[in-house]
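Colleague:
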Amino acid sequence: MVIRIPLFALALGAFVGVAGASAQQRQITGQVTSSATREPMAGVNVTVTGSAFAAVSNADGRYAISAPAGAVTLVFRHIAFKRREVTVAAEQTTADAALEPDVFNLEAVVVTGQATGVEKRYAPNAVATVAAADLSRVPAPSVETAIRGKVAGAVIQQNSGAPGGGTQVQIRGSNTVIGSSNPLYVVDGVIYSDASISTGLFSVTASGNPQSTRNDGEKQDDPVNRLTDLNPNDVASIEILRGAAASSIYGSKGVNGVV
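Each number in my numbering corresponds to the 1-based position in the sequence shown with 378 added.
(1) So is glycine 531 buried or exposed if we call it buried at 16+ other beta carbons inside 10 Å?
(2) In chain order, what residues of the same chain lie with their CB nearer than 7 Å to the CB of serine 429, ignoring the 5 residues before and after it?
(3) Can the beta-carbon of phenylalanine 459 be found closer than 7 Å to that of proline 479?
(4) Just list the residues that DSSP pairs isoleucine 457 with in beta bridges.
(5) Could you please give me the residues that DSSP links to alanine 531 through a beta bridge?
(6) Let me make sure I understand the geometry here. Which of Leu605, Val547, Ser552 has the alpha-carbon closest to that of isoleucine 569?
(7) Give, in chain order, every unbroken run of the beta strand (DSSP E) that is at least 3 residues long and sits entirely within the stretch 408-481.
(8) If we count Cβ pairs, one from each stretch, closer than 8 Å, do we get three or more for the stretch 408-418 versus the stretch 465-474?
(9) Here's the rule I'm using: 16 or more other beta-carbon atoms within 10 Å means buried, otherwise exposed. How should threonine 451 be labelled?
(10) If you draw a straight line from the C-alpha of threonine 412 to the C-alpha of serine 444, how long is it?
(11) Kindly indicate the opening and closing residues of the alpha helix (DSSP H) around valine 521.
(12) Closer than 7 Å by C-beta to glycine 439: which residues in its own chain qualify, once you throw out the five before and the five after it? Chain order, please.
(13) With H, G and I counted as helix, E and B as strand and the rest as coil, what does DSSP make of phenylalanine 386?
(14) Below 8 Å CB to CB, which residues in the same chain sit around serine 558 once its five sequence neighbours on both sides are set aside?
(15) Quick one: what does DSSP say isoleucine 332 is sitting in, helix, strand or coil?
(16) May I ask you to list the residues that DSSP assigns as paired with leucine 562?
(17) Alpha carbon to alpha carbon, what distance is there between alanine 467 and aspartate 512?
(18) Can you grab the Cα-Cα spacing for the pair serine 630 / phenylalanine 431, in whole Å?
(19) With C-beta atoms as the reference, is proline 518 less than 7 Å away from alanine 510?
(20) How big is the Cα-Cα spacing for glycine 632 and glutamate 522?
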């Protein structure tokens with residue numbers, strides 16, 4: 379015996395299944411502000427505990443996130459602010475949150491050299507974090523000079539006063555006599571070159587030893603550091619790995635630390 383099911387019955391069944399699945403979800407909206415200034419906060423990560431739903435607040439601090447039916451817990455995270463958890467009832471569709479500044483930045487998720495991050499308070503290695511607010515507080519011509527005086531144990535010296543002049547950064551001290559002591563720079567997961575390029579100043583002034591083949595200060599040359607291509611105002615945060623975790627993911631390139 380052959381049972382024939384009409385095509386429209388199959389389509390109707392699929393539609394009912396999709397409608398039932400969408401009925402199990404709802405949308406929660408709200409606004410995130412700073413408890414210190416009462417101003418809206420942009421770029422706040424909003425997640426639903428135990429699910430993959432996530433959202434980010436806009437310039438006005440407002441967000442909209444999908445959530446399963448029933449009572450849920452929303453988690454609000456932002457750099458330099460304490461994490462906030464808000465419980466939303468099943469019949470509630472709005473939830474506002476005010477985040478408190480994290481002075482010691484203990485709840486920030488930092489890089490540990492592993493596949494996932496961990497909160498700074500639980501990190502087994504030394505990780506220094508510099509937030510965007512600290513970078514913009516004092517104007518700096520480049521990224522490496524912006525962290526001067528903000529990282530314990532970091533020695534930052536500028537080789538030249540020329541625009542784009544190179545800068546020496548030592549995080550874990552000097553590990554070699556003739557090699558470079560500069561750390562490894564990683565921008566959004568991509569290794570960034572900090573190679574110095576000759577400006578050709580010696581060819582204009584004809585100064586220095588004419589028999590020398592070096593293109594450095596011996597011929598009054600000011601090498602330019604490629605890190606000056608990065609705008610310090612575009613940096614959201616800087617994390618500095620000083621421990622052995624830097625070498626666990628970047629190998630020998632991270633022997634002097636990773637920024």
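Cβ atoms here follow ideal geometry from the backbone N, Cα and C, with glycine treated the same way.
Only a predicted model underlies this, so the values are computations on that prediction, with no experimental measurement involved.
Modeller: From the atom records:
(1) With fewer than 16 Cβ atoms within 10 Å of its Cβ, glycine 531 is classed as exposed.
(2) Same-chain partners within the cutoff: Pro446.
(3) A contact, by the Cβ cut-off of 7 Å.
(4) Paired residues: none, contrary to the question.
(5) In the sequence as displayed, the identity of residue 531 is glycine instead of alanine. DSSP output for glycine 531 lists no bridge partner at all.
(6) Of the candidates Leu605, Val547, Ser552, the one whose C-alpha sits nearest the C-alpha of isoleucine 569 is Leu605.
(7) Runs of the beta strand (DSSP E) inside the stretch 408-481: 423-426, 432-434, 440-446, 450-455, 462-466, 475-477.
(8) Flag = yes, the stretch 408-418 and the stretch 465-474 touch.
(9) It is exposed - the Cβ of threonine 451 has fewer than 16 other Cβ atoms within 10 Å.
(10) Going by the sequence as given, residue 412 is serine instead of threonine. Using only the alpha carbons, I get a separation of about 23 Å.
(11) 521-524 is the span of the alpha helix (DSSP H), which, as asked, contains valine 521.
(12) So the qualifying residues of the chain are Gln409, Val410, Thr411, Pro418, Met419, Ala420.
(13) The pLDDT assigned to phenylalanine 386 is 49, lower than 50, so where the model puts this residue is not dependable; a value taken from the coordinates is nonetheless given after this. Helix.
(14) Residues Asn634 of the same chain have their beta carbon placed closer than 8 Å to that of serine 558, with the five preceding and five following residues left out of the count.
(15) The structure shown has nothing for residue 332, since the chain only spans 379 to 637.
(16) Beta-bridge partners of leucine 562 (DSSP): Val636.
(17) Each residue's Cα considered, the two are about 38 Å apart.
(18) Cα to Cα, the separation comes out at about 38 Å.
(19) Note on residue identity: the sequence assigns alanine, not proline, to residue 518. It is not a contact, given that the beta carbons lie outside the stated cut-off.
(20) In a straight line, the C-alpha of glycine 632 is about 17 Å away from that of glutamate 522.
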